[in-house]
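Sequence positions in the sequence shown follow this note's numbering and run 1161 to 1421.
We put the beta carbon where it would ideally sit given N, CA and C, even for glycine.
As the structure is a prediction and not an experimental result, all values here were calculated from the model.
Here the structure is laid out as C-alpha cells; the discussion comes afterwards.
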Amino acid sequence: MALEVNGYKSKLFSGIVSILFFLTLCPAVFAATLVWQEQATVAGPAIQLGDLALLSGDDPDRLDVLRAVNMGRAAAPGQTSYLTGDILRARIMAAGIDPMVEGWTIPERVTVTTLSQIVPGEAITQKVTQVLMGQVPYPPADVTVKIRGSLAEVPIPVGAYEIKVKLPNGVRLVGPTQVAAEIWASGRLAKTIYLVCDVQVQVQAIIVTSPVAPHKFITPADITVEKRSLASLPVRALKDDSALKLYWTRRTISPGTVLTE
1161 MALEVNGYKS KLFSGIVSIL FFLTLCPAVF AATLVWQEQA TVAGPAIQLG
1211 DLALLSGDDP DRLDVLRAVN MGRAAAPGQT SYLTGDILRA RIMAAGIDPM
1261 VEGWTIPERV TVTTLSQIVP GEAITQKVTQ VLMGQVPYPP ADVTVKIRGS
1311 LAEVPIPVGA YEIKVKLPNG VRLVGPTQVA AEIWASGRLA KTIYLVCDVQ
1361 VQVQAIIVTS PVAPHKFITP ADITVEKRSL ASLPVRALKD DSALKLYWTR
1411 RTISPGTVLT E
C-alpha cells in the first residue's frame, strides 16, 4: 500500500513538473520579436502598434492581434505627434500585454507623422462656382460667382478625395449665399470649409434716356435696353420692351429711371 501511495506521489510530482515546464516554455513558444522605429508614419486617424514597430514571430494570428493594438489618435494630416516611453508602455499594457513578459524594450520616444495630401484652394472654389451656377436659372454667361476672402490649400488624409457642396439656405441672388464645402477622403469626411459667396446675375433692364412728361405713352425712342445686376434693380423691373405700347405715364419720368411693371 505504501508503495502505491509513493508511486502516486511520484507521478503527481512528475506531472506538476511537466506542467510548470510547459508553462515556462509558453512565453518562448509564442513570443513576438519587436523592433521599434524611431520615425514612423501613419495614414489613418488612429495609430496602431504595427505602425510603430516591426513584429515577427511564429504565430501569425497573434502577430495580427499585436499589430492592431491601439496606440492612440494620430495628429492632423501633415502634423507630427510624439509618444513617450511611458505612453507607449501604458497603451500596450492597456491591451493586456506586459512588455516585460514579452521581453520588449520600450524606447524613450517615437515620432509619428500623419501622411497627407494637399487640396488646392482653387479646386474648392472651382467646384463651389460650378455648383452655384448650376443652381441659378439664368444663362451661365450672365452669372458671376464671387467668393469672399481667400482660400488657402487644405491638407487632408491620403486617398482618393471628392468635394461635396452643400447650400444650407439655397442660393440667394440678393445678399450673400452660405456654402459648406465638404472634402471627403477615402469615403470619410476629412474637412468642411465654410464660405460666403455673392451670386450676381446680369439681366436686361429698360432704362429711360430722355424726360417723359406725365400722361404720355413711352416710345422706343425714349428708352434703351441695358444689362444690369439683378440685385440692383427695383422689384418688378421690366425685362423687355413688349409692354411699352401700353406704358402710360402718371408723372414725369427722368432719364436713368428703370421702368417697372
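Query	Result
On the criterion of 16 or more Cβ atoms from any shown chain inside 10 Å, does Lys1306 qualify as buried, or is it exposed?	exposed
Report all residues from its chain with a CB closer than 8 angstroms to the CB of Val1296; omit the five preceding and five following residues, and keep chain order.	Val1303, Val1331, Leu1333, Val1359, Val1361
Does Val1303 come out as helix, strand or coil in the three-state DSSP assignment?	strand
If we ignore side chains and look at the alpha-carbon of each, how far apart do Thr1412 and Ala1365 end up?	19 angstroms
Mind checking Trp1408: buried by the 16 CB within 10 Å criterion, or exposed?	exposed
Is the beta carbon of Val1270 closer than 8 angstroms to that of Leu1212?	yes
Cβ-heavy atom distance between Pro1380 and the ligand NAD below 7 angstroms?	The model on display carries no ligand, and the ligand NAD is accordingly not part of it.
So, are the CB atoms of Val1202 and Thr1274 less than 8 angstroms apart?	yes
Check whether the Cβ atoms of Ile1383 and Ile1367 sit closer than 8 angstroms, and answer yes or no.	yes
When you compare the CB positions of Pro1317 and Ala1283, do they come within less than 8 angstroms of one another, or not?	no
Hey, out of Thr1417, Thr1379, Trp1196, whose CA is closest to Glu1386's CA?	Thr1417
Going by other Cβ atoms of all chains shown within 10 Å of its Cβ, with 16 needed for buried, is Ile1278 buried or exposed?	exposed
Short check: CB of Gln1208 to CB of Arg1233, under 8 angstroms?	no
Could you compute how far the alpha carbon of Ser1392 sits from the alpha carbon of Val1363?	10 angstroms
Helix, strand or coil for Leu1163 per DSSP?	Bear in mind that the predicted position of Leu1163 carries a pLDDT of just 43, short of 50, making it too unreliable to give a figure here.
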